[in-house]
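Listed in order, the protein sequences are those of chains A and B. Basically the working numbering = 1-based index in the first sequence + 55. Basically the working numbering = 1-based index in the second sequence + 55. A virtual CB, placed ideally from N, CA and C, is assigned to each residue, including glycine. Reading through the structure tokens given below for one structure.
Number of protein chains: 2
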Amino acid sequence: MKIAYDCQGGDNAPEAIVRGALKAAEVFNCTPYFYGDADRIKVIDGVDPDYVIHCSESIEGDESPTMAIRKKKDSAIVRALFDLKEDRVDGVISAGSTGALLAGGMFIVSRQEGVERAALPVILTVGSQTKLLLDVGANMDASPEMLLSFAKMGADYLSHVEGVENPSVGLLNVGTEKGKGNRQTKDAYELFEENLPNFYGNVEARDVLFKSSDVIVCDGFAGNVMLKSMEGVIGYVQHALKSGLMREDCSPEVQAWVGKFAKEALGALDYTRYGGVPLLGLKKPLFKAHGSSDEEAIVSATKALIKMIKE
Amino acid sequence: MKIAYDCQGGDNAPEAIVRGALKAAEVFNCTPYFYGDADRIKVIDGVDPDYVIHCSESIEGDESPTMAIRKKKDSAIVRALFDLKEDRVDGVISAGSTGALLAGGMFIVSRQEGVERAALPVILTVGSQTKLLLDVGANMDASPEMLLSFAKMGADYLSHVEGVENPSVGLLNVGTEKGKGNRQTKDAYELFEENLPNFYGNVEARDVLFKSSDVIVCDGFAGNVMLKSMEGVIGYVQHALKSGLMREDCSPEVQAWVGKFAKEALGALDYTRYGGVPLLGLKKPLFKAHGSSDEEAIVSATKALIKMIKE
């Protein structure tokens, strides 16, 4: 199995990407292809220079994703996606700009038949449960029909890649009762009811983590608001704990307890643990690793991508 | 000043409502009018029977608000709102159904001129700062023009009632840059830029509490998703702290520290401390107290309502 790694994207590129790819190659017996600045990649221990594809351009975070994909033909992401399209590799991993990866996925790899728009999920691992919330940023405006296709893509991913049997699908909404919501969610409710045998009903934002369906569907605007609202509170709690621990009245015993609490309980809410997110609805497997990915995150991303390729 | 109290709505009605109203009457030198079941109200110490308006019907939480307001003419909320409309009282406080109060506000009291829709804010008190997020549930779909009117109503309330000088107004969005968002927020951005001298720009959900404008504007769907996402995480953290404290390895010292932390740090995120929310955009002052309001909450609600009446 041939995996293309964008070695230009992400906070720790190219080193962490390359080292993670080499480690994954050992573990999963796959072949890594490195796209990026050859001079920087070849010096990393263990890299076979024959598998380095030198790219002279790179896409920056502040560029328009669509324009960047069109203009920068010799960037890592564009070259990797063309190789994916033309079957020279089996899947692509990038820790770079989500927008550029999405735009490239749509324009270069293109959508699966019958899919109007690709979608970007997050995988939430809550205790032993794996849930998928989508869309969280690819589609700011979504018709009820688009939401229905997200529902199907999400359920497919969970069942085929994560092994969740017959996943239930809920609709993010402002109340649990039918008839709640805005025009979009009211119409989507009807559509889901008619088309999804495993429709769970509406899910309120406060219940997404612990009392909800396996898949939770929303448009990219609501998904983004939801994730960032959660992040805001988590960040606040972490900050407040830290400030509290720095007070003089704080004994080593309390510090130990709180440190453990922060790691375990708040860590459970950290959706970045999954390593990244798949792009759903495209003809070929693409995986967006987190921008802050380290070596281990790239190994996890590779694991998920390989499952996607096999399915 | 004559204040009408809906003594049918809220978890602790009528006792907490009546006692809070009596206390507020002493503190703020206003006259309370009690709407509800006269038999239950008159037996409470300190109630002057001449100020009790007996109502034979009551609106339940599971009724359609609009239908209930139209049909139940002898419910506390409908009678109080008619008295408000006809200037027999100066303001109304209810801890009952938000939907019924909103519907009654729109149909009985009616909107201010030039206001298309009433809006429901929450007041967030963060440290020494008072912020206002709206709409959080009255308008599931909102045009950019409606968002602009929410912006103006919110800024008016903050400056006149809360004494925030020249409040800045931000737009809840998925990124801070201009051009981010869905159709609604992109258009609203342009409108805000043209019409609000104190426009702050876009505000991401993660920054609402601590790094944002005084007023944050969104439609009722996004506002609801945001508040409930925050609630979900806060609830989870509280639960995790409690479970942790019940473990055997948890000493009294740790318990004390964590108890204090939960109260102070998590308490700071509790937007119910404000006592309730004003309904903005109506011809007369209406205040929605929290359903769980106790005596003290009714006193706070009265204080806020009196400020609204004076302004």
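List the whole-angstrom C-beta distance separating residue i from residue j, where the pair is believed to meet the contact cut-off of C-beta under 8 Å.
i: E171(A); j: M195(A); result: Between M195(A) and E171(A) the Cβ distance is about 14 Å, and since that is not below 8 Å, they are no contact.
i: A155(B); j: I114(B); result: 5 Å
i: K358(A); j: F162(A); result: Not confirmed; about 27 Å, so no contact.
i: L175(A); j: K339(A); result: With 8 Å as the limit, L175(A) and K339(A) do not qualify as a contact, their Cβ atoms being about 16 Å apart.
i: D61(B); j: V164(B); result: Between V164(B) and D61(B) the Cβ distance is about 14 Å, and since that is not below 8 Å, they are no contact.
i: D308(B); j: E303(A); result: Before going further, note that residue 308(B) is Glu rather than Asp in the sequence given. Not confirmed; about 14 Å, so no contact.
i: Q310(B); j: L300(B); result: 6 Å
i: A206(A); j: L251(A); result: 6 Å
i: L354(A); j: G75(A); result: Sequence inspection shows Val at residue 354(A); the Leu mentioned does not correspond to that position. Indeed they touch by this definition, with Cβ atoms about 5 Å apart.
i: A277(B); j: A277(A); result: 7 Å
Give me the Cα-Cα distance between residue i and residue j, rounded to the nearest whole angstrom.
i: D274(B); j: L157(B); result: 16 Å
i: D145(A); j: S306(B); result: 55 Å
i: T231(A); j: S152(B); result: 16 Å
i: L188(B); j: I271(B); result: 5 Å
i: N257(B); j: K127(B); result: 43 Å
i: E81(B); j: G314(A); result: 48 Å
i: P333(B); j: S214(B); result: 14 Å
i: L360(A); j: R143(A); result: 16 Å
i: T121(B); j: L246(B); result: 32 Å
i: P87(B); j: S119(A); result: 60 Å
i: R166(A); j: L337(A); result: 4 Å
i: T180(A); j: E351(A); result: 17 Å
i: N237(B); j: E259(B); result: 13 Å
i: E319(A); j: A356(A); result: 22 Å
i: Y329(B); j: A317(A); result: 29 Å
i: D100(A); j: M56(A); result: 22 Å
i: N279(B); j: E141(A); result: 45 Å
i: S284(A); j: L226(A); result: 18 Å
i: S204(A); j: N228(A); result: 17 Å
i: S123(B); j: G65(B); result: Position check: residue 123(B) holds Ala in this sequence, whereas Ser was assumed. So the two alpha carbons sit approximately 16 Å from each other.
According to DSSP, simplified to helix, strand and coil, what is residue i?
i: L227(B); result: strand
i: R172(A); result: coil
i: S298(B); result: helix
i: S306(B); result: coil
i: L139(B); result: helix
i: H215(B); result: helix
i: Q184(A); result: strand
i: F276(B); result: helix
i: S355(A); result: helix
i: P333(B); result: strand
i: P340(A); result: coil
i: I99(B); result: coil
i: S149(B); result: strand
i: F265(A); result: coil
i: I114(A); result: coil
i: S130(A); result: strand
i: D61(A); result: strand
i: P69(A); result: coil
i: V288(A); result: helix
i: V191(A); result: coil
i: E259(A); result: strand
i: L179(A); result: strand
i: P222(A); result: coil
i: P252(B); result: coil
i: G346(A); result: coil
i: G75(A); result: helix
Closer than 7 Å by C-beta to residue i: which residues in its own chain qualify, once you throw out the five before and the five after it? Chain order, please.
i: E217(B); result: T185
i: L282(B); result: V177, V191
i: K370(B); result: Because chain B is modelled from 56 through 366, residue 370(B) falls outside the range shown and cannot be assessed.
i: R95(B); result: P69
Only counting the same chain, and skipping five residues up and downstream in sequence, which positions put a Cβ closer than 6 Å to that of residue i?
i: S223(A); result: N253, Y255, S268, D269
i: Y326(B); result: V177, L179
i: A197(B); result: D274
i: K78(A); result: V354
Given residue i, which residues of its chain have a CB within under 8 Å of its CB, disregarding the five upstream and five downstream residues?
i: G160(B); result: L136, A173, L334, L337, L341
i: D242(B); result: P199
i: Q63(B); result: P69, Y90, G91, D92, C110, S113, I114, S130, A131, I132, G151
i: N221(B); result: S214, N253
With a threshold of 8 Å between beta-carbons, can residue i be considered close to chain D, or not?
i: G65(B); result: Reference to chain D is not applicable here, since the protein chains of this structure are A and B.
Would you list, in chain order, the members of the stretch 274-289 of chain A that have their beta-carbon closer than 7 Å to a beta-carbon of chain B?
For the stretch 274-289 of chain A, which is checked against every Cβ of chain B, the residues closer than 7 Å are F276, A277, N279, V280, M281, K283, S284, M285, E286, G287, V288, I289.
Select from the stretch 137-165 of chain A all residues with a C-beta closer than 7 Å to any C-beta belonging to chain B, and list them in chain order.
Listed by position along the chain: nothing, the set is empty.
What are the residues of the stretch 244-263 of chain A that lie near chain B, defined by any Cβ-Cβ distance shorter than 8 Å?
From the stretch 244-263 of chain A, only E259, A260, R261, D262, V263 have a Cβ closer than 8 Å to chain B.
For the stretch 172-203 of chain A, which residues have a beta carbon sitting closer than 8 Å to at least one beta carbon of chain B?
Taking 8 Å as the Cβ-Cβ cut-off, the stretch 172-203 of chain A approaches chain B at G192, M195, D196, given in chain order.
Along the stretch 225-237 of chain A, what residues have a CB closer than 8 Å to any CB found in chain B?
Taking 8 Å as the Cβ-Cβ cut-off against chain B, the residues of the stretch 225-237 of chain A that qualify are L227, V229, G236, N237.
Determine which residues of the stretch 315-333 of chain A have a Cβ less than 9 Å from any Cβ of chain B, and write them out in chain order.
Taking 9 Å as the Cβ-Cβ cut-off, the stretch 315-333 of chain A approaches chain B at K315, F316, E319, A320, L321, A323, L324, given in chain order.
If the cut-off is 8 Å on Cβ atoms, which residues from the stretch 290-303 of chain A count as contacting chain B, listed in chain order?
The residues in question are G290, Y291, V292, A295, L296, G299.
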